[in-house]
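In this note's numbering, the protein residues as written are 14 to 333.
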């Protein structure tokens with residue numbers, strides 16, 4: 014599937030967080046893909062000036078609702094069984110929840126609380142392994158430090174394993190109260206323990222202590238912040254200045270992560286902004302989700318379960 018997909022189209026748009034950067038590195042190394050843009054999963058897509066049709070690239074770690082747009086990502090995108098069938102019929106959306114029938118509302122095994130809990134990078138590694146491509150990972154236990162440029166003292170330290178497993182909180186989910194669901198998904202990603210890269214990630218999680226889950230997350234978050242990230246998940250709110258030129262801190266972040274993962278990532282330096290309207294609201298079983306049928310809907314995800322204390326449905330419309 015991936016081999017045919019990227020033989021036809023090597024242009025990809027990646028997310029501005031660690032998951033997006035890791036996916037970009039893997040896709041460039043093994044499929045010779047070309048990063049032509051970024052998305053912050055909210056109101057902005059940055060595309061290189063040569064991309065005339067924003068629907069033409071393959072979007073990584075972002076669900077684009079337009080049926081003709083190809084996406085590889087991992088969010089809960091189907092409201093119910095009927096909606097799940099509709100999305101699958103497009104033939105352009107690759108998503109673990111779509112593969113296993115996980116929807117926002119559904120039966121016990123198919124509902125939100127059994128959703129995929131990891132990053133797009135981990136799903137991507139399995140998709141590649143299914144086609145005989147084994148992603149070569151670095152030594153997951155090797156530690157890396159960031160030093161203060163003025164004092165040359167260490168201000169943050171983490172390991173390659175924690176970097177790769179920070180994508181969408183994969184490690185934290187594995188060590189959390191939802192551990193049973195996480196272990197089920199690890200088994201699905203690595204049937205019969207036959208995929209070496211996933212197996213090594215599983216072994217790394219097994220070496221981590223449940224009681225220290227929050228501390229692991231905090232430490233890798235500090236590492237990302239020391240690299241100039243806006244979020245503890247290794248994300249940037251924006252990747253360019255007002256003129257569309259890539260920010261130096263994004264390039265520095267890229268360089269450090271590339272060194273840790275032992276892969277390269279070529280990033281263009283000039284971009285054009287595409288802006289949409291981002292909003293969050295409530296979604297519950299029985300709601301009439303008119304927004305899912307709106308012609309101006311660009312992207313969305315169900316971000317919490319069906320009985321939330323906070324808004325649990327995020328969406329972007331009017332993207333131009």
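Even for Gly, the Cβ is constructed at its ideal location relative to N, Cα and C.
All of these numbers come straight from a predicted model, not from anything done at the bench.
Within its chain, find whatever has a CB closer than 8 Å to the CB of residue i; leave out the 5 residues flanking it on each side and keep chain order.
| i | result |
| --- | --- |
| residue 72 | 25, 26, 52, 82, 83, 84, 85, 86 |
| residue 277 | 38, 41, 42, 271 |
| residue 147 | 141, 208, 209, 210 |
| residue 165 | none |
| residue 254 | 260 |
| residue 232 | 169, 170, 171, 175 |
Can you give me the start and stop residues for the beta strand (DSSP E) that residue i sits inside?
| i | result |
| --- | --- |
| residue 47 | 47 to 52 |
| residue 330 | 326 to 330 |
| residue 26 | 24 to 28 |
For residue i, which of the options has the nearest alpha-carbon?
| i | options | result |
| --- | --- | --- |
| residue 326 | 55, 227, 18 | 55 |
| residue 228 | 131, 313, 279, 185 | 185 |
| residue 263 | 133, 132, 239, 310 | 239 |
| residue 283 | 110, 34, 49 | 49 |
| residue 220 | 187, 289, 70 | 187 |
| residue 35 | 177, 189, 80, 22 | 177 |
| residue 132 | 181, 144, 76, 304 | 181 |
| residue 321 | 292, 296, 332 | 296 |
| residue 268 | 241, 22, 312, 46 | 241 |
| residue 137 | 311, 14, 300, 305 | 14 |
| residue 237 | 301, 226, 104, 265 | 265 |
Please list, in chain order, all residues of the same chain as residue i whose beta carbon is under 6 Å from its beta carbon, the five residues on each side excluded.
| i | result |
| --- | --- |
| residue 199 | 215 |
| residue 160 | 167 |
| residue 234 | 245 |
| residue 107 | 85 |
| residue 275 | 151 |
| residue 217 | 153, 174 |
| residue 44 | 19 |
For the alpha helix (DSSP H) containing residue i, list its first residue and its last residue.
| i | result |
| --- | --- |
| residue 87 | Counting along the chain, residue 87 falls outside any alpha helix (DSSP H), and DSSP gives it neither H nor E. |
| residue 235 | 226 to 239 |
| residue 41 | 31 to 44 |
| residue 216 | 209 to 219 |
| residue 146 | Taken as a continuous stretch (DSSP letters only), residue 146 belongs to no alpha helix (DSSP H), as it is neither H nor E. |
| residue 197 | 192 to 202 |
| residue 16 | 15 to 21 |
Got a sec? Which residues, its chain only, sit under 7 Å from residue i by beta carbon, not counting five neighbours each side?
| i | result |
| --- | --- |
| residue 155 | 172, 173 |
| residue 125 | 89, 117, 315, 318, 319 |
| residue 294 | 324, 326 |
| residue 191 | 130 |
| residue 307 | 330 |
| residue 101 | 111 |
| residue 286 | 57, 59, 257 |
| residue 292 | 328 |
| residue 16 | 144 |
On the premise that residue j lies in contact with residue i, defined as a C-beta separation below 8 Å, what is that separation, rounded to the nearest angstrom?
| i | j | result |
| --- | --- | --- |
| residue 32 | residue 74 | 5 Å |
| residue 115 | residue 96 | Not a contact, Cβ separation roughly 12 Å. |
| residue 29 | residue 169 | No, residue 29 and residue 169 are not in contact; Cβ-Cβ is about 20 Å, not under 8 Å. |
| residue 57 | residue 251 | 7 Å |
| residue 202 | residue 139 | 5 Å |
| residue 79 | residue 68 | 6 Å |
Chain D beta carbons: is any one of them nearer than 8 Å to that of residue i?
| i | result |
| --- | --- |
| residue 192 | The structure shown contains no chain D; it holds only a single protein chain. |
_If we require 3 or more residues per run, which beta strand (DSSP E) segments fall completely within the region 59 to 120?_
Those beta strand (DSSP E) runs which fall completely within the region 59 to 120 and span 3+ residues are 71 to 73.
_Completely contained beta strand (DSSP E) runs for the region 228 to 309, where each covers 3 or more residues_ = 285 to 288, 290 to 294
*Those runs of the beta strand (DSSP E) which lie wholly inside the region 154 to 182 and span at least 3 residues*: 156 to 160, 167 to 172
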